[in-house]
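A.B. asks:
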Amino acid sequence: VCSRTMPPASKYPPKCRVFIGNLATERTDVEEVSKIFSKYGRLAEKPVLLRSFGFVQYDDPRAAQRAIDCENGRLLGGLKTELSLADNRPVRPKGGGDF
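Numbered according to the numbering used here, the sequence shown spans residues 12 to 110.
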């Protein structure tokens, strides 16, 4: 009998995570991203900045949508960002994973 463990369900409602594409992470920091996005609602977690993209996690989908509507195309670190709703999968670093 094969037993698999199911991944944990997200602790946040759907449509609460904002994907930040085209992000100049070498010229942008977590504090700057927090300051910009916290004005639309409570950030449930510290923003995650990865190579050329990032995520902001809200606890309310209305806040996520407001942020997208107001900040999409904003210049950040010299680049025009592209915002969209992301799914609620946990962000995992590149490289090996647990199977």
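All C-beta atoms, glycine included, are put in the ideal place defined by N, C-alpha and C.
Under 8 Å, do Pro-72 and Lys-26 count as touching if we go by C-beta distance?
C.D. replies: For Pro-72 and Lys-26, yes; Cβs fall inside 8 Å.
A.B. asks: Can you list, in chain order, the residues of its chain with a C-beta nearer than 6 Å to that of Ser-95? Leave out the 5 residues immediately preceding and following it.
C.D. replies: Cβ within range, chain order: Phe-30.
A.B. asks: In chain order, which beta strand (DSSP E) runs of at least 3 residues are fully inside the segment 13-72?
C.D. replies: Whole beta strand (DSSP E) segments, 3+ residues: 28-32, 59-61 and 64-68.
A.B. asks: Within 10 angstroms of its Cβ, does Arg-62 collect 16 or more other Cβ (buried), or is it exposed?
C.D. replies: The residue is exposed, with fewer than 16 neighbouring Cβ atoms inside 10 Å.
A.B. asks: Return the bridge partner residues of Glu-82 from the DSSP annotation.
C.D. replies: DSSP output for Glu-82 lists no bridge partner at all.
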